[in-house]
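Undergrad: Please read through the structure below; I'll follow up with questions.
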């Protein structure tokens, strides 16, 4: 049956059936395979396309995280972070805007809606942050919430791209590590950075904040482990990823470990947050940057993996297609064999068919190219096939021959039609391109002419665009000047030097003038020789064509454009020039009209102002004429009466002014006297309260000593205020005399440098002193008052400057009309400055810029008032130039006087002291201006009442006289106590002895150890006063102090004074050798006298107690006896208040105390002091805590039995076990029970 069916089919149907069977056999599996391959490729492409938006979004998250950290620091009080925070805010805004087009291209409504919701939240947050409406905590929380939404949006982008459905292990785990876990890790690190920096700026953190930091640290560590595991799996499945990622992964882990360790150690563990916020922010930022670099490298690798996968799929498809094509070729060959077996009649038909189909592929390719826009492709028309029909052939072969012939005719007709269509398309495209080129040029030229531009600038813009557009090598622009009727050149393009200096042209003059006159475009082609030369660095040539374009706006002539090119202009270029001509003319016309309007407006305003002034002057003249007429009528009658009234009023005003001046003088004198009367008993109160505060006999309770300390501190503050009032009152009352002496400005600056540099360095300020070369090396100055003013100005500058620089510059102010040359001392700073409206106010007494400054910076507001009046008293002036928020400059101008080598300095001073005054400006700087207010009754009057007050000279030379007069006074209990002043400078010694004598304290001077020994042998010395900066015969002051103590044979109270600031270590070291340290400054002379009086009073008390004990025959120890006499103890604590209290307690018990601020310093102290018998160890310390320190001590064999008593403020359960395990001998919880502590020390030192 099947055979019969095939027999009924025609030959064409049989071949068709055979071809269909073969195609179906090959097409079905091929189609299925290609379908699956295309799905895989599409998925890989979708993944690759999804990486871009995800990376952009992560960049947005990064900027928001950075802004969060900077904003947290700025809002927490870190001022330098404000400018970077605003800059980062603008970068984040730009990133959000750049992300928006990528979201739109996704064409997903839910994603777009979520994105715009995020944009709204960011806009609100950035606006409030820029306005400073948020606190640090609110800003950090809202930033974190926004970042969380961005990360959730990142998950939606990943899901939309199908990245989580990747079937390959390498890309799947890369996606999981880099796009899922890494953003979460960076957000956690960002939160650690922002929150931690804010806490460090604030300097404190509560328990909840520490718990939150610890939680974030643990979460970040988990993310690090998860990322490392995912990357390890990805690297194991893909060897190509092992080139760079392992190094970045190790670097990421190392930075992350350091960052997390830093957060734990500086934010979670310490009791006080002392780590620098900028350093912490920088280290966390480095860890986040490393994570970003790892993510960038990983995403680049991921894109390469996906690209390789797509390429592999394409190669598979190509192989399959090649195989199919090979099968098709085989099928064609087999068909040819079968067709070749068909005999005779089909041959001619087949030949004709071949002729018709010979150019089919070329036609198909040409048609495809034309469809893609390539209209230049040429189409070849094949000739009609020649074929002789078989006579009488009515079967399939005949039909085939006739069909082939008809097909040839139809094909020829179609070819001709196709050629005509192609020509029409070419012409249409050329017209469209020409139209687009012209419209584009017109639009771009219009854009360049936008804005309110000057005509020259507009002409340059037009030529710079028009000449390259039409291929011109040179061009010029002329504008019509209505006033002169000429065309004036305003701009050129590529012109030679001669062309750049073109002259104006009249209408009709030259080709350009003729074109404007005829109102038509003129094209010169060819250009006459010598018409124009276009030159460059490589050569010169004449243009081939020149076009002159008149610029007309309606009936108005605006100007003309001329351009030359090396080739003839095309029709399109000339047509474009005609198209844009009117627009260019309108632009120039508008610009010229604008300029004319401005000129007319300015002229109108000027004329209106002149008219108004003339009217006012005329009106004023009329009024004056009327008034003069009236006055002339009344003047003769009232002139005598008015003169009498004026004379009477003048006399009354003069009497009132004289009375006011007298009242002001009475007030100032009364205030000065009352201030002095108040100061005298107040000094006694201070000395007595100081004695009570010290409680040397030990007969006062701690509460009573605290009361005494409070009284002493309040009295000090009141004394400073009264002294300032006294200075002001004396200046106002005219009781301040100027004492001029020879001085060296260089030495004055050096002394001020020594005085103020420690304070400046403590605040981190740059302190500079400059002396101009024009200033004479020696001048005639009132050194005391000049230094007082400069010290006040420098002190204010340092007090009111938080960062930056304080500078003092001494120069010569040039002489002006009516004023001689002056000495200028300018003190400048970069502090808070003074508003312009308050610059006069701060020179008034008791006034400052505002109450807020008074509360924040302290002070009475008298310094500048006193300085201003002292400057006027010295014949100079004090001025201020300041800008609020930028700093101030106070300038002291003093009359310039030449130095007199042997002039007297002050009345009553000896010649020897006078000669050394200038050489000891440092002593003047350290002393106060009010040191000579007058003698004050000392609190211990019996100490010096029996001794006559020595003169200044006797303090220098009277040592041997006193010794000869009273050689046995040292052993006489009734002899008065004296003060030994150790000083090698006669002027300084004389001044100091005079100051002590004014307080009723007898003083003797010594220039070295020999004179000191003589004074100790012949006088009853109760106190030693030593300058810390002194150096005799190469022996520094500390060593000299030890020599004198050895000569005394018994502990001698010591008062040290110095002009330089001392740090904590220096003060702690000197405290072991001195009873008091006085730093030179304001009121330092009074403080020195007070400390000396206290020492003498204490010496008298000790003598009285000793006599009482001897009389009673008591065997008990004196109040100073201590149970730890000679025992050396080491205190290790970073809190100086604890160290001070323990030191005071133990030294009163006779112990020798060695101090250390941390564990490392404790180990060094044990090396230097091997005779330490017990160590008091604090647990919480920087650098090395108590546990580590005790372990290190126990690790040394010689300290294995050394008693270690641990002290801690935590007192938590298990702390004692930890201390014992670390090597402690015993344990005490803070606050310490002094009784228990002393009992414990007795057990460990005597047991």
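Residue numbers (this note's numbering): 541 to 1787. By construction, the Cβ of each residue, glycine as well, lies at the ideal position given by its N, Cα and C atoms.
#1: Locate the beta strand (DSSP E) running through residue 1672, then write down its first and last residues.
#2: Could you tell me if residue 1664 is buried or exposed, where buried requires 16 or more neighbouring beta carbons within 10 angstroms of its beta carbon?
#3: Measure the C-alpha to C-alpha separation of residue 1415 and residue 1330 and round it to an integer number of angstroms.
#4: When you compare only the Cα positions, how much space is there between residue 998 and residue 1020?
#5: Three-state secondary structure (DSSP) at residue 815?
#6: Could you name the residues of the same chain whose beta carbon sits closer than 7 Å to that of residue 635, not counting the 5 residues immediately before and after it, in chain order?
#7: Check whether the region 744 to 764 touches the region 837 to 857, counting contact only when three or more Cβ pairs, one atom from each stretch, lie closer than 8 Å.
#8: Does DSSP classify residue 1104 as helix, strand or coil?
#9: Residues in its own chain within less than 7 Å of residue 1106 by CB, not counting five upstream and five downstream?
#10: What does DSSP give as the partner residue(s) for residue 806 in the beta ladder?
#11: Given this structure, state the Cα-to-Cα distance separating residue 1344 from residue 1276, to the nearest angstrom.
#12: In whole angstroms, what separates the C-alpha of residue 1777 from that of residue 1235?
#13: With DSSP run on the structure shown, which of helix, strand or coil describes residue 1279?
#14: Which word fits residue 1714, buried or exposed, when buried means at least 16 other C-beta atoms lie within 10 angstroms of its C-beta?
#15: For residue 594, count neighbouring C-beta atoms within 10 Å of its own C-beta (all shown protein chains included) and say buried if the count is 16 or more, exposed if not.
#16: Cα separation between residue 1690 and residue 1369?
#17: Could you round the C-beta distance between residue 738 and residue 616 to whole angstroms and report it? I think they count as a contact, below 8 Å.
#18: Give me, in chain order, the residues of the same chain whose beta-carbon lies closer than 6 Å to that of residue 558; leave out the 5 immediate sequence neighbours on both sides.
#19: Check residue 1660 in the structure and name its three-state DSSP category.
#20: Assign residue 1309 to one of two classes, buried (16 or more other C-beta atoms within 10 Å of its C-beta) or exposed (fewer than that).
#21: By DSSP, does residue 1340 sit in helix, in strand, or in coil?
#22: Across the region 654 to 671 and the region 617 to 631, are there enough close Cβ pairs to call them in contact, namely three or more that are closer than 8 Å?
#23: With 16 other CB atoms within 10 Å as the buried threshold, where does residue 1694 fall?
#24: Tell me the rounded alpha-carbon separation between residue 773 and residue 725.
#25: Expressed to the nearest angstrom, what Euclidean distance is found between the alpha-carbon atoms of residue 821 and residue 1420?
#26: Would you call the region 1370 to 1384 and the region 1420 to 1438 in contact, with 3 or more CB pairs under 8 Å?
#27: If you reduce the DSSP assignment to three classes, tell me which class residue 653 lands in.
#28: Name the DSSP beta bridge partners of residue 1428, please?
#29: Can you find the residues in the same chain that come closer than 7 Å, C-beta to C-beta, to residue 1481, ignoring five residues on each side of it along the sequence?
#30: Considering Cα atoms alone, identify which of 662, 1670, 792 and 570 is closest to residue 1705.
#31: Restricting to runs no shorter than 3 residues, where is the beta strand (DSSP E) found entirely within the region 1520 to 1552?
#32: Could you compute how far the alpha carbon of residue 729 sits from the alpha carbon of residue 760?
#33: Assuming residue 1713 is part of the beta strand (DSSP E), what are its boundary residues?
#34: With a cut-off of 8 Å, do at least 3 Cβ pairs link the region 1099 to 1118 to the region 1151 to 1162?
#35: Taking 9 Å as the threshold (C-beta atoms), are residue 1536 and residue 1528 in contact?
#36: Can you name the start and end residues of the beta strand (DSSP E) that residue 1361 belongs to?
TA: In terms of the structure at hand:
#1: Start and end: 1668 to 1672.
#2: Around the CB of residue 1664, 16 or more other CB atoms lie within 10 Å, so the residue is classed as buried.
#3: One Cα belongs to residue 1415, the other to residue 1330, and the distance between them is close to 16 Å.
#4: The C-alpha of residue 1020 is placed about 15 Å away from the C-alpha of residue 998.
#5: DSSP places residue 815 in coil when its eight states are reduced to three.
#6: The residues are 599, 600 and 603.
#7: Remark: fewer than three beta-carbon pairs, one from each stretch, lie closer than 8 Å, so the region 744 to 764 and the region 837 to 857 are not flagged as touching.
#8: When secondary structure is reduced to three states using DSSP, residue 1104 falls in the strand class.
#9: If you ignore the 5 residues before and after residue 1106, its C-beta comes within less than 7 Å of the C-beta of 1013, 1081, 1083 and 1084, all in its own chain and listed in chain order.
#10: BP columns for residue 806 are empty, so no partner.
#11: Residue 1344 and residue 1276 have their C-alpha atoms roughly 36 Å apart.
#12: When rounded, the separation of the alpha-carbon atoms in residue 1777 and residue 1235 is 21 Å.
#13: In the structure shown, residue 1279 sits in coil (DSSP, three-state: anything other than H, G, I, E or B).
#14: That one is buried.
#15: Classification for residue 594: buried.
#16: Approximately 49 Å between the Cα atoms of the pair.
#17: Between the beta-carbon of residue 738 and that of residue 616 there is about 4 Å, and that keeps the pair under the 8 Å contact cut.
#18: For residue 558, where only same-chain residues beyond five positions count, there are no Cβ hits under 6 Å.
#19: For residue 1660, the predicted model reports a pLDDT of 41, less than 50, meaning its position is unreliable; a value from the coordinates is still stated below. The DSSP-derived three-state label of residue 1660 is coil.
#20: By the 16-neighbour rule on beta-carbons within 10 angstroms, residue 1309 is buried.
#21: Assignment of residue 1340 by DSSP, reduced to helix, strand and coil, places it in the coil class.
#22: As far as the Cβ criterion goes, the region 654 to 671 touches the region 617 to 631, which means the pair count is three or higher.
#23: Per the 10 Å Cβ criterion, buried.
#24: Cα-Cα distance, rounded: 19 Å.
#25: Residue 821 and residue 1420: Cα-Cα distance of roughly 40 Å.
#26: Taking a cut-off of 8 Å for Cβ pairs, the region 1370 to 1384 and the region 1420 to 1438 touch, as three or more such pairs fall below it.
#27: In this structure, residue 653 counts as helix in the three-state DSSP scheme.
#28: Its beta-bridge partners are 1369 and 1422.
#29: Any reading at residue 1481 must be qualified, since the residue scores a pLDDT of 31, below 50, and its modelled position is unreliable; the value itself is stated next. Correct list, in chain order: 1540.
#30: Residue 1705 has its Cα closest to that of 1670, out of 662, 1670, 792 and 570.
#31: DSSP runs (the beta strand (DSSP E)) wholly in the region 1520 to 1552: 1543 to 1546.
#32: Put simply, the backbone Cα of residue 729 is about 7 Å away from that of residue 760.
#33: Annotation: residue 1713 is outside any beta strand (DSSP E) and is labelled neither H nor E by DSSP.
#34: No contact exists between the region 1099 to 1118 and the region 1151 to 1162.
#35: The answer is no: Cβ separation not under 9 Å.
#36: It is not in any beta strand (DSSP E) - residue 1361 carries neither H nor E in the DSSP assignment.
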